[in-house]
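Engineer: For the sequence shown, the working numbering gives the first residue as 11, with consecutive numbering after it. Just so it is clear, CB atoms sit at the ideal spot from N, CA and C, and this is done for glycine as well. Mind looking over this structure? Questions follow.
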Amino acid sequence: MRQMLIAQHNAANTLSQAEVDQKAMQQAAREAATKRLSPEILPVGRNWSVRDAF
Numbered sequence: 011m012r013q014m015l016i017a018q019h020n021a022a023n024t025l026s027q028a029e030v031d032q033k034a035m036q037q038a039a040r041e042a043a044t045k046r047l048s049p050e051i052l053p054v055g056r057n058w059s060v061r062d063a064f
């Protein structure tokens with residue numbers, strides 16, 4: 011019984027850590043995209059495409 015409770019506790023901790031890791035990766039990707047597309051980096055004028063920003 012004790013081993014079952016320990017296994018359940020470990021599974022819950024693993025799931026929780028995976029969720030935290032996923033949120034951290036999403037936040038890092040969001041920050042990278044925001045930095046890449048910030049107004050200071052984007053070209054000005056009418057004749058530019060998104061490809062010009064990369």
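By Cβ distance below 7 Å, which residues in the same chain neighbour residue 45 in space, the five residues on each side in sequence not counted?
Structural biologist: Here residue 45 is taken as the residue at index 35 of the sequence shown, counted from 1. Within the same chain, residue 45 has no close Cβ partners at all.
Engineer: Could you please give the first and the last residue of the uninterrupted alpha helix (DSSP H) stretch that includes residue 11?
Structural biologist: By 1-based counting over the sequence shown, the position of residue 11 is 1. Taken as a continuous stretch (DSSP letters only), residue 11 belongs to no alpha helix (DSSP H), as it is neither H nor E.
Engineer: How long is the line joining the alpha carbons of residue 27 and residue 33, rounded to whole angstroms?
Structural biologist: Taking the sequence shown and counting its residues from 1, one reaches residue 27 at position 17. Taking the sequence shown and counting its residues from 1, one reaches residue 33 at position 23. If I take the Cα positions, the gap works out to 10 Å.
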